[in-house]
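Novice: One structure coming up, written as structure tokens, with questions to follow.
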């Protein structure tokens, strides 16, 4: 990636301050460590997944975990 593209991508980002419970922080840290990603990347992936779930809900669909053609977990948004 060229330096100009990298600078542009970073300048389009917004910085957030986030307060988490100890349990939520530990989960975030564990996910980051187990996937060899940083916490920001884990949060971005989670946000993307939440967006997919919200879009499915708006379309009358569900998001779930499937194992051998059987839904073993369903992700519900409230």
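Numbering (the numbering used here), first residue to last: 2 to 79.
All C-beta atoms, glycine included, are put in the ideal place defined by N, C-alpha and C.
This one's a predicted model, so the numbers in the text were calculated from it and none came from an experiment.
1. Should the region 41-49 be called in touch with the region 19-33, which here means at least 3 C-beta pairs below 8 Å?
2. Of all the options 26, 23 and 76, which has the alpha carbon lying nearest to the alpha carbon of residue 87?
3. What residue range does the beta strand (DSSP E) around residue 65 cover?
4. Taking the alpha-carbon of residue 45 as reference, which of 29, 59 and 60 has the nearest alpha-carbon?
5. Would residue 17 and residue 54 qualify as a contact pair, given that the criterion is a beta-carbon distance under 8 Å?
6. Considering only residues of the same chain and omitting the five flanking positions on each side of residue 65, which have a CB-CB separation below 7 Å?
7. In this structure, does DSSP put residue 71 in helix, strand or coil?
Specialist: Based on what the coordinates show:
1. With the cut-off at 8 Å, the region 41-49 and the region 19-33 touch.
2. A query on residue 87 cannot be resolved here, the shown segment of the chain reaching from 2 to 79 and no further.
3. Residues 64-68.
4. Ranked by how close their Cα comes to the Cα of residue 45, the residues 29, 59 and 60 have 29 in first place.
5. Inclusion of residue 17 and residue 54 in the CB contact set at 8 Å is not warranted, their separation being larger than that value.
6. Residues of the same chain with a CB within less than 7 Å of the CB of residue 65, apart from the 5 flanking positions on each side, are 72, 74, 75 and 76 in chain order.
7. Reduced to three states, the DSSP call for residue 71 is strand.
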